[in-house]
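Enquirer:
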Amino acid sequence: MEKTLNVQGMSCNHCKMSVEGALQKLAGVSAAEVNLEAGSVAVTFDDSKVNVDTMKEVIEEQGYDVEAKI
1 MEKTLNVQGM
11 SCNHCKMSVE
21 GALQKLAGVS
31 AAEVNLEAGS
41 VAVTFDDSKV
51 NVDTMKEVIE
61 EQGYDVEAKI
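Under UniProt numbering, residue 70 is the last one in the sequence shown; the count climbs by one each step, no gaps.
So this is what it looks like as structure tokens:
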């Protein structure tokens, strides 16, 4: 399954690495790709192992705000 989340506050490669790294540590996440220009992250995951709320939490723990899902 793939979802795109809007993430505010990402502006540089460090931001990109922080968000992608945090998501990829979650069990069930197979890919996370940040698009800095769009302010979003596309996440490919197994929805039987991880949910969007958990992904939002780990992004917010990195210091970024997650808007409503697309």
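Every residue gets a Cβ at the ideal spot worked out from N, C-alpha and C, and that includes glycine.
#1: Using alpha carbons as the reference points, say which of G63, N13, E67 lies closest to E33.
#2: Rounded to a whole number of angstroms, what is the C-alpha to C-alpha distance between E57 and E37?
#3: In terms of alpha-carbon separation, which member of A27, M17, L5, E61 lies closest to F45?
#4: Quick one: is A31 buried, meaning 16 or more other Cβ sit within 10 Å of its Cβ, or exposed?
#5: What residues match up with N6 in a beta bridge as DSSP calls it?
Expert: For this structure:
#1: N13
#2: 22 Å
#3: A27
#4: exposed
#5: S40
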